[in-house]
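S.K.:
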Ligand code: GLN
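Numbering (the numbering used here), first residue to last: 471 to 750.
1. Closer than 6 angstroms: is that where the CB of residue 685 sits relative to any heavy atom of the ligand GLN?
2. DSSP on residue 765, reduced to helix/strand/coil?
3. Considering only the alpha carbon of each residue, which of 648, 673, 716 lies closest to residue 708?
4. Can you check the region 596–668 for any alpha helix (DSSP H) of at least 4 residues that lies completely inside it and give the ranges in chain order?
5. How many angstroms separate the CA atom of residue 563 from the CA atom of residue 590?
6. I need the straight-line Cα distance from residue 739 to residue 691, nearest angstrom please.
7. Among 749, 635, 583, which residue has its Cα nearest to the Cα of residue 592?
8. To which residues does DSSP link residue 538 through a beta bridge?
9. What three-state label does DSSP hand residue 553 in the structure shown?
10. Is any non-hydrogen atom of the ligand GLN found closer than 6 angstroms to the C-beta of residue 595, if you look at the structure I gave you?
11. Between the region 715–726 and the region 692–705, can you find at least three pairs of beta-carbon atoms closer than 8 angstroms?
12. For the ligand GLN, is there any heavy atom lying closer than 6 angstroms to the beta carbon of residue 660?
13. May I ask which residues mark the beginning and end of the alpha helix (DSSP H) holding residue 699?
14. At the level of alpha carbons, what is the spacing between residue 653 and residue 722?
15. Look at residue 632 and residue 660 and say whether their C-beta atoms are less than 7 angstroms apart.
16. Run the CB neighbour count on residue 573, radius 10 Å, all protein chains shown included, and call it buried at 16 or more, exposed below.
17. According to the neighbour-count rule (16 or more other Cβ atoms, all chains shown, within 10 Å of its Cβ), is residue 550 buried or exposed?
18. Here's the rule: buried if 16 or more other CB atoms are within 10 angstroms of the residue's CB, otherwise exposed. What is residue 678?
19. Residue 712 lies in the beta strand (DSSP E); which residues open and close that run?
20. Just curious, the beta strand (DSSP E) that residue 681 is in, first and last residue?
21. Since residue 544 and residue 746 are thought to touch, with beta carbons under 8 angstroms apart, how far apart are those beta carbons, to the nearest angstrom?
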C-alpha cells in the first residue's frame, strides 16, 4: 500500500517537474534544488515577460518557460501586446503536446542560452542556429527549420557578392551566428554590433554600415519594410534552427523531440510556417 502511494507521488512529481521552470523549481524537486526556486522565480518575474502571469515567488508547476528574443520576424515578434510568430506557435503546439502551459520570456538574444543553462527558462527557441560551440553548453532538439545568413545592402551599393564584403563595415545582431562568422571572416574592427537586427538595418539605411548580415527570413521582412535596400543573391552561410535545452534536462529534450516529430508528421509545423512565410 505504502509503495503504491509512493509511486503515485513519484509519477505526479515527474509530470510536475517536466512542466516546471527548469525543473529546478518543481515543488517536488529534491531539497537542494528546491532552495534555488525563490531566486530563479523572482528573476524571471523581473525580466520582461510576455505573459501577465509572470512567475511569482511560488514554483511554476505546470508551466513551460521559453526564452526568446521577440525581435526576429517571422519567427518571434510583438503584435501589440502578444508575442507571435513561427517559433511562438510551434512552442504553443509543443506545450500542448506535453500538457503544459507556455510562458514566453522576451530577453536579449545573447541571454537566451544563459537563461536556459541557469534553469530560469526550460528551453530557448529563438530562430537559434545549431553550432558546435553552443552544443558545449546546451543540448539541441532535432532541427525544425533550415535557414541562411543573408546579406542586405543598399540598392545602389557597390557590393554585389560575398567577396565584396572584404574591408567593408558590416552590421550584425550581437551574439548571433552572423556576428560570430563575420567577426571571424572580416575581423572585429569591421563589425558593428546592435542589440536588435532592426537597429542594424536602420544603421544601413543611414549609411553607418555598408552591409548587414542576418538570417534570411527576418532579412526579407526588413527589406520589404525599408525602402532602398536589397538582398544579395548569394547566401553567406547555411544553417539549421533547433530548440535548446539544459544539458541536464534529458527528459525534456526527449519529450520535445517526440512532440516535434509528431507535429512534423501531422503537418502542424508546415501549416504554421505557411502562415508566416509565403512561398515564392
Ligand atoms: N540564427 C541566428 C543565431 O542563432 C540568429 C537568431 C536570432 O537573432 N534570433 O545566431
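Note that beta-carbon positions come from the ideal geometry of N, C-alpha and C, so glycine has one too.
M.R.: According to the structure data:
1. In the chain shown, residue 685 corresponds to position 215, counting from 1. The ligand GLN has a heavy atom closer than 6 angstroms to the beta-carbon of residue 685.
2. Any answer about residue 765 is impossible in this case: the structure gives the chain only from 471 up to 750.
3. Counting from one through the chain shown, the residue named residue 708 turns up at place 238. Among 648, 673, 716, the Cα nearest to that of residue 708 is on 648.
4. Within the region 596–668, the runs of alpha helix (DSSP H) at least 4 residues long that lie entirely inside it are, in chain order, 647–656.
5. Counted from its first residue, the chain shown places residue 563 at position 93. Counted from its first residue, the chain shown places residue 590 at position 120. Cα-Cα distance, rounded: 21 angstroms.
6. As a first step, residue 739 must be located in the chain shown, where it is residue number 269. As a first step, residue 691 must be located in the chain shown, where it is residue number 221. Those two C-alpha atoms are separated by around 20 angstroms.
7. Against the chain shown, residue 592 aligns to sequence position 122. That would be 583, whose Cα lies nearest to the Cα of residue 592.
8. Translated into the one-based positions of the chain shown, residue 538 becomes position 68. Answer is 576.
9. Residue 553 sits at position 83 when you count from the first residue of the chain shown. The answer is strand: DSSP assigns residue 553 an E or B state.
10. For the purposes of this step, residue 595 is taken as residue 125 along the chain shown, with counting starting at 1. No, the ligand GLN has no heavy atom inside 6 angstroms of this Cβ.
11. No: the two stretches stay apart, fewer than three of their Cβ pairs being nearer than 8 angstroms.
12. In the chain shown, the residue the question calls residue 660 occupies position 190. Not under cutoff, so the answer is no.
13. Within the chain shown, numbered from 1, the residue matching residue 699 stands at position 229. Premise fails: residue 699 lies in the beta strand (DSSP E), 699–701, not in any alpha helix (DSSP H).
14. Position 183 of the chain shown, counted from the start, is the residue given in the question as residue 653. Position 252 of the chain shown, counted from the start, is the residue given in the question as residue 722. Those two C-alpha atoms are separated by around 34 angstroms.
15. The residue you call residue 632 lines up with position 162 of the chain shown. The residue you call residue 660 lines up with position 190 of the chain shown. It is not a contact, given that the beta carbons lie outside the stated cut-off.
16. Within the chain shown, numbered from 1, the residue matching residue 573 stands at position 103. Around the CB of residue 573, 16 or more other CB atoms lie within 10 Å, so the residue is classed as buried.
17. Within the chain shown, residue 550 is the residue found at index 80, counting from 1. Classification of residue 550: exposed, given that the 10 Å Cβ count is below 16.
18. Reading the chain shown from its first residue, position 208 is the one you call residue 678. Burial is judged here by how many other beta carbons sit within 10 angstroms of a residue's own beta carbon; residue 678 has fewer than 16 and is exposed.
19. Position 242 of the chain shown, counted from the first residue, corresponds to residue 712. Element bounds for residue 712: n/a, residue is neither H nor E.
20. The residue you call residue 681 lines up with position 211 of the chain shown. 681–685 is the extent of the beta strand (DSSP E) around residue 681.
21. Within the chain shown, the letter at position 74 stands for residue 544. Within the chain shown, the letter at position 276 stands for residue 746. The C-beta distance from residue 544 to residue 746 rounds to 4 angstroms, short enough to meet the 8 angstroms contact threshold.
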